[in-house]
Amino acid sequence: MPAPLRGSRFYNAVRPHQALANRTAMEVWHEGMAATLAVDMTLRLDNAAALTTCPQPQQLQQTVPFAA
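Following this line, the structure appears as structure tokens:
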């Protein structure tokens, strides 16, 4: 592995950061990814037919004849 990649791997995956509560950058990133997945899961639309934006069956309209 080239030296620059070894350095970035150490910096992101091994070295704890004081600004990140002594966690590695990868730990913080993984937590953020898990939170993103959890949010995405709650936004699933299992019952799309209940939405008002979903096409609804046409209702019968009563017509009133005009007197001529």
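In our numbering, the protein residues as written are 202 to 269. A virtual CB, placed ideally from N, CA and C, is assigned to each residue, including glycine.
Residue interval of the alpha helix (DSSP H) (run including residue 205): Going by DSSP, residue 205 is part of the alpha helix (DSSP H) stretching over 204 to 210.
Span separating the alpha-carbon of residue 259 from that of residue 267: Distance between the alpha carbons of residue 259 and residue 267: 24 Å.
Residue closest to residue 212, alpha-carbon to alpha-carbon, out of 225, 265, 234, 231: Out of 225, 265, 234, 231, 225 has the C-alpha closest to the C-alpha of residue 212.
Residue 214 and residue 227 closer than 8 Å at C-beta: A contact, by the Cβ cut-off of 8 Å.
Cβ neighbours of residue 216 in the same chain (closer than 6 Å, five flanking residues each side left out): Cβ within range, chain order: n/a, list empty.
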